[in-house]
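Worksheet: one structure, shown below.
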Amino acid sequence: MTDSSQHQPTGPADRLLCQRAIDGDEQAFQVLVRRYLPLMRAYALRLTGSAADADDALQETLLQAWQKLDTLQNPSKVKSWLMTLTGRKCIDLIRARAKNLPLEDQQHLPSTEPTPETQALISTDMQKLTEVLRKLPEQQQRIWLMREFGGSSYQEIAGALNITTASVRGQLARARVKLLEGMEGK
Numbered sequence: 001m002t003d004s005s006q007h008q009p010t011g012p013a014d015r016l017l018c019q020r021a022i023d024g025d026e027q028a029f030q031v032l033v034r035r036y037l038p039l040m041r042a043y044a045l046r047l048t049g050s051a052a053d054a055d056d057a058l059q060e061t062l063l064q065a066w067q068k069l070d071t072l073q074n075p076s077k078v079k080s081w082l083m084t085l086t087g088r089k090c091i092d093l094i095r096a097r098a099k100n101l102p103l104e105d106q107q108h109l110p111s112t113e114p115t116p117e118t119q120a121l122i123s124t125d126m127q128k129l130t131e132v133l134r135k136l137p138e139q140q141q142r143i144w145l146m147r148e149f150g151g152s153s154y155q156e157i158a159g160a161l162n163i164t165t166a167s168v169r170g171q172l173a174r175a176r177v178k179l180l181e182g183m184e185g186k
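Its first residue numbered 1, the sequence shown is counted upward by one per residue in full-length UniProt numbering.
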């Protein structure tokens, strides 16, 4: 109960700011950005693992948010909407980078692994994981990335994706099974 009461004061303010931004008020949008950018950046950084990639994803997220703000059906849920957009942009960026990064470049990435053999195994495993992850339905990909890389709780994921926590748990379980099967070559 205390968690919801902590978030209540921003709901009406968010709704008002969002409505003003939809009407073209750039200052209202800037207030929303200042309010949620630290949270969005932390989330993007956890998902991408790189400050530069996180900043790239955020730049695209904010541009899309400004352009698509009028499509937001519930302005009081602007935080969840912004976090969802951030997650999607990060996933897009991760997919694009994984697809375009040659194996020899992956081997030159900074590593804490002690031997080249271990590094090669990890690189191969990451390629396989990326390949298997791409085969999952988009929502399962988002849920898995938000939980495993983003460290989001079931409730946070449910709120961001506008689904129930039971759905999050079920889809996460299915994603994990498919990922394990794919990694084992089944």
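Even glycine gets a Cβ: it sits at the ideal position worked out from N, Cα and C. All of these numbers come straight from a predicted model, not from anything done at the bench.
From Leu62 to Leu85, what distance separates their C-alpha atoms? 9 Å
Closest to residue 189 by CA distance: which of Asp92, Ala44, Lys77 is it? Past the edges of the chain, shown from 1 to 186, lies residue 189, and the structure says nothing about it.
Helix, strand or coil for Gly159, going by three-state DSSP, please let me know. helix
Would Arg34 be called buried (16 or more neighbouring beta carbons within 10 Å of its own) or exposed? exposed
So, helix, strand or coil for Phe29, using DSSP? helix
Counting pairs of Cβ atoms below 8 Å between the stretch 87-99 and the stretch 45-54, do you hit three or more? yes
Considering only residues of the stretch 36-81, which uninterrupted alpha helix (DSSP H) runs meet the minimum length of 4 residues and lie entirely inside it, listed in chain order? 51-68
Can you say whether Ala158 is buried or exposed, counting buried as having 16 or more other CB atoms within 10 angstroms of its CB? buried
Is DSSP giving Ser167 helix, strand or coil here? helix
Skipping 5 residues on each side, what residues in its chain have a beta carbon closer than 7 Å to that of Lys128? Met183
To which residues of the same chain is residue 239 closer than 7 Å at the C-beta, ignoring the five residues directly before and after it? Summary: the structure shown does not reach residue 239, with the chain confined to residues 1 through 186, and so no result is reported for it.
Rounding to the nearest angstrom, what Cα-Cα distance links Pro12 and Ser76 in this structure? 7 Å
Buried or exposed, going by whether 16 or more other CB atoms sit within 10 Å of the CB of Met126? exposed
Please report how far the alpha carbon of Asp14 lies from the alpha carbon of Met40, in whole angstroms. 16 Å
Val168: which of Val177, Ala160, Lys178, Tyr154 sits nearest, CA to CA? Tyr154
From Trp81, Arg95, Arg174, residue whose alpha carbon lies closest to that of Leu161: Trp81
Rounded straight-line distance, which links the Cα of Gly49 to that of Pro114: At Pro114 the pLDDT is 44, less than 50, meaning the model places this residue with poor confidence; the figure from the coordinates comes in the next sentence. Using only the alpha carbons, I get a separation of about 20 Å.
Please state the DSSP three-state secondary structure of Gly87. helix
Less than 8 Å between C-beta atoms, sequence neighbours within five positions excluded: which residues of the same chain meet that for Leu32? Asp14, Leu17, Cys18, Ala21, Val78, Leu82
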